[in-house]
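Remarks on the structure that follows.
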Amino acid sequence: MDRRTHDNFVERAVWPIGRGGIRYWIAVVVFAALVLAGVYAWFYQVQRGLGVTGLNQKVSWGFYIVNCVFFIGISYGGAMTSAILRLTNAKWRAPLTRLAEATAVVALLVGAVYPLVDLGRPDRFLTIFQYAQVGSPVVWDIVAISTYLVASLVFLYLPLVPDLAVARETLGPRMPRIAKPIDRFVTLGWRGTPEQERALKRGVGIMAVLIIPLAVSVHSVLAWLFAVTVRGQWHSTIFAPLFVLGAMLSGVAAVILVVAGFRKAYGLGEFITAKHFRYLSYLLLALGAAYVYFMVSEYLTEGYVMEASSGPVLEALFTGVYAPAFWSFSIGGLLLPLVLVALPGRFPIGRACVASILVIAGMWLKRFLIVVPGMAEPIMPWDWGQYQPTWVEVTITIGSAAAIPLMLMIFFRFFPIMSVHEFEEVEGTPEPRGMVLLTTSGAGDD
Amino acid sequence: MTRAVIVLVAAVAATLLYVGPGQNLLPSALRLQAANTALQAPHAPPAGTEQPAQRAAGTTSAPAALPPSNTSVNVAVQPAARTQQGYAIAATVRASDGKPMGEVTVRFYETVELFGSREMFIASALTDGRGDASIIYLPARTGEHELVVRFAGKNQQRPALGRTTFEASVAAPPYRQEPMPLSAFAAGVPYAVGLIVLAVWGLIAFALFGTARGVIGGARSTSRREKPA
Amino acid sequence: MAGEISRRRLIGTLTGLGTGALAAGLVPISFPEAEAAETSAKPRQWAMVIDLRKCDGCKKCTEACQETHQLPKSFEWIKVFEVKDRQGQSYFMPRPCFQCENAPCLRVCPVAATFRATDGVVLVDQNKCIGCRMCMAACPYGARYFNYTEPPASSHPFQHATPEFPVPQQKGTVGKCMFCVHRTEDGQLPACVEACGMLALWIGDLVEDVATNGQETVRLSQFLKENDAFRYKEELNTGPRVYYIAGHGQHIET
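As they're listed, the protein sequences go chains W, D and H.
Under our numbering, think of the first position of the first sequence as 5, with each following residue one higher.
Under our numbering, think of the first position of the second sequence as 177, with each following residue one higher.
Under our numbering, think of the first position of the third sequence as 1375, with each following residue one higher.
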């Protein structure tokens, strides 16, 4: 890789560090305000009890569980882009991995808060660790999420080690004062020696392999929260694969949006090009098509028999109370975006972004359509349940969604936005500065 | 003379007490044929109704006593011919004149302690020409059981009941909860998974601390930043 | 110096006490299994039989339960459903908690706040419940009720709630019918059984094989067999302890 490209890359990667213009601060203030509103709504709820939500005796799970599944699903973008693309040696992943992995960690943090928000007695949360019942899906959930969170943090951190050394070198005095002591601890004295490279490569390789089954396990466990009950719509064997696939789909869509947003805001256009968005769109397409297949399989199996346990929900989804939401999701949130990215043509980035917004909104709707009709469906000879979310639930949802860009913006104020080390790994290390190559052959040069 | 009168009165009194209508004035230990008691009881409502146990929480609900009746119901329990079947409970109903009463219904109960003392209905049977009715009864548990057999009364014959207790050495199989299939296997699965989780955490720790150690250690190496071959 | 020695001793004693208190605080105090062993002297396994021929839908059982446990009107631990069968006839079906032998709610509770007493009744320890409501999702009969708001204050201010008598309820925890074990251990009929004017509710013991509705007493297994008793949604294999006697000619939809 020639030196100029490498240096440009490094410069763009560290450019946001310590730098914040007026637009940056406006954005931060706006997001922070939304997050604080969400936090206030939560305190309001803790004080008065869950009665301030729209939950009732029939529909006892609502927005909070939907959001938990949704945000943890978004975090799968990291596993997909960083881990799977690394293992398949897709070279185009290099500028994206930092953004994807950071999004994954941030989304996971937001998603992992939701079980706590949903508890009737959050003050007793720690007793789960004291009394943990190994047969309970809730305990499986805690174990899986915490393991995945730690693994994601480690997977985010390890490639940061060389990058921070590069940032320190490049930025010099511009390095934010707060970051300096942390950075010395974090970079562990990285100098790029072969031993260090070997150690790092081994560590990152282990995590890349490990994070994929961990990611699969987290959403499978979330799916089993529903599937091990006997409610007709939930008690389906396809739930775990369906949830995992849906998470990957929404994760890739989130990565597309985050990458597009930060590319625009921080001028990464030289390295994150239309090609990246095209490839990400192909990923979106493949995952979306697979998701359609899973849904067809689920509804065909249930619908052909229409037994009493699952028939009524199917009816409600297709033609009943939930039909508008269901068809919005199926057509607007799944088929339309897939068509949008499948067709060749111009504006690959724009189309990818529009498709991603539709997919993300659609996947939130889908989670809603899994949780709420499943709870509202009459399991006894009574009427369908009703669920009317209140301002508390909506505010917390919006606040938690705003927390993701907020945390990302704060994160990239201190850490490089693109992974220099990964770029070097993929493109080859740069030529040494100031050296003139005397040999004539190009390939095989050291 | 006076002595003779006293002896005569005493003799008549004794006769009345022991064999006559005055029998119920004696404590039960002194009565004849204590095992087959024919109880005298105050007047009861019209025939055809059993006296149901009082439905009151916590109060002892002894059956209401029956009218003085000359009908007698004798109950006897025979050891079971085939133990799986249970115990043969036989009851005989005799009219006031001692003649057996055929073609009448008798109802068999057991005394139980369930929110007070109650009589649990077991079965009803029709007496044959000899006034005998019998059922086979396999109790739910071993130990002592008290049975009550009631005759509701017919025509001029008043209702009556007979009691007996017996010791059961065989009983119906006790209530067993069916274990879930695969429960033994299922109980072990979480622990197997727990081992896997521990292994994963170990791997993560190795990836993190192993790399850290490698990086810190490699920093001491004198070789500069080289391009890999 | 005498003063110094006593000061040292004082500090040592306080440290010891503090450590002891800390250690004691870490030990979970409630031992529900031990408490449950005292619920009945006899080895009972409680069951209920509900005679659907007799229920007239008056809901006195629901009212009695609410009064006994000081519940708000929305909490119907025994709930009377009006069911219309295909012939257009309607009948009434009271549904208490079925105290399942293979209870889904028990399986999924992360902190074992829901547990089974020795007499087969499924109890909820509201001091342990974290309010995750997984049990409510898992119960196929909708028999569990969550305290979304502060429950009505108890009429007895010094009442101490136990799993056997969870009065008053706690906000943010779940509650349900517990076959009135606080009454049955005292030799009293459950509130609903006593209140039923049609004598449609029976409380029984599977061990002694006997059941009573307060007036009549029957041999439980015989009673069930003779009347073709069934259990609701039996195919789910939850093992309910409540049996229903269908009306003759009535259509029971499960």
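The beta carbon of each residue, even a glycine, is placed where N, CA and C say it ideally should be.
Spatial distance of residue i from residue j (CA atoms)
i, j, result
"residue 1550(H)", "residue 301(D)", "43 Å"
"residue 1421(H)", "residue 404(W)", "48 Å"
"residue 405(D)", "residue 432(W)", "Summary for residue 405(D): the model assigns pLDDT 43, below 50, so the residue's position carries little reliability; its value from the coordinates is reported in the next sentence. The straight-line gap from Cα to Cα measures roughly 11 Å."
"residue 59(W)", "residue 315(W)", "24 Å"
"residue 344(W)", "residue 359(W)", "6 Å"
"residue 1556(H)", "residue 1584(H)", "20 Å"
"residue 91(W)", "residue 212(W)", "7 Å"
"residue 346(D)", "residue 250(D)", "23 Å"
"residue 305(D)", "residue 285(D)", "23 Å"
"residue 226(W)", "residue 1532(H)", "42 Å"
"residue 323(D)", "residue 270(D)", "18 Å"
"residue 382(W)", "residue 278(W)", "49 Å"
"residue 1503(H)", "residue 1536(H)", "13 Å"
"residue 333(D)", "residue 1567(H)", "37 Å"
"residue 341(D)", "residue 126(W)", "59 Å"
"residue 308(D)", "residue 1534(H)", "58 Å"
"residue 384(D)", "residue 189(W)", "14 Å"
"residue 1545(H)", "residue 1487(H)", "15 Å"
"residue 272(D)", "residue 336(D)", "11 Å"
Segment limits, alpha helix (DSSP H) that includes residue i
i, result
"residue 300(D)", "From DSSP, residue 300(D) is part of no alpha helix (DSSP H) but of the beta strand (DSSP E) over 293-302."
"residue 231(W)", "198-231"
"residue 156(W)", "141-161"
"residue 353(W)", "352-380"
"residue 1442(H)", "1434-1443"
"residue 76(W)", "67-78"
"residue 1475(H)", "That residue, residue 1475(H), is in no alpha helix (DSSP H); it is neither H nor E in DSSP."
"residue 1565(H)", "1565-1569"
Contacts around residue i, its chain only, beta-carbon distance under 8 Å, and the 5 residues preceding and following it disregarded
i, result
"residue 1472(H)", "1515, 1517, 1605, 1606, 1612, 1614, 1615 and 1616"
"residue 159(W)", "82, 86, 87, 105, 208, 211, 212 and 215"
"residue 327(W)", "320 and 321"
"residue 1560(H)", "none"
Close-in-space but distant-in-sequence residues of the same chain around residue i (CB under 6 Å, 5 per side omitted)
i, result
"residue 409(W)", "35"
"residue 1525(H)", "1542 and 1543"
"residue 150(W)", "none"
"residue 57(W)", "394, 396 and 397"
Burial state of residue i (16 or more Cβ within 10 Å)
i, result
"residue 386(W)", "exposed"
"residue 1499(H)", "buried"
"residue 273(W)", "exposed"
"residue 308(W)", "exposed"
"residue 367(D)", "exposed"
"residue 1553(H)", "buried"
"residue 26(W)", "exposed"
"residue 62(W)", "buried"
"residue 331(D)", "exposed"
"residue 319(D)", "exposed"
"residue 1464(H)", "exposed"
Residue i: first and last residue of the uninterrupted beta strand (DSSP E) it sits in
i, result
"residue 1467(H)", "1464-1469"
"residue 361(D)", "Unbroken run through residue 361(D) is the alpha helix (DSSP H), 359-381; no beta strand (DSSP E)."
"residue 63(W)", "Unbroken run through residue 63(W): none, as it is neither H nor E."
"residue 320(D)", "319-327"
"residue 110(W)", "Unbroken run through residue 110(W) is the alpha helix (DSSP H), 101-122; no beta strand (DSSP E)."
"residue 310(D)", "308-313"
"residue 1422(H)", "1420-1425"
"residue 125(W)", "Neither: residue 125(W) is in no beta strand (DSSP E) and is coded neither H nor E."
Neighbourhood of residue i by C-beta distance below 7 Å, restricted to the same chain and skipping five residues each side
i, result
"residue 240(W)", "231 and 302"
"residue 1597(H)", "1423 and 1585"
"residue 1398(H)", "Residue confidence is low: residue 1398(H) scores 45 on pLDDT, short of 50, so the model does not pin down where it sits. Its coordinate-derived value is still stated next. Closer than 7 Å at the Cβ level, and outside the excluded window around residue 1398(H), lies no residue."
Whether residue i touches residue j by CB criterion (8 Å)
i, j, result
"residue 501(W)", "residue 391(D)", "Residue 501(W) lies beyond the stretch modelled for chain W, which goes from 5 to 450, so this question has no answer here."
"residue 1452(H)", "residue 1436(H)", "yes"
"residue 399(W)", "residue 41(W)", "yes"
"residue 223(W)", "residue 21(W)", "no"
"residue 267(D)", "residue 325(D)", "yes"
"residue 194(W)", "residue 166(W)", "yes"
"residue 1479(H)", "residue 1513(H)", "yes"
"residue 1427(H)", "residue 1588(H)", "no"
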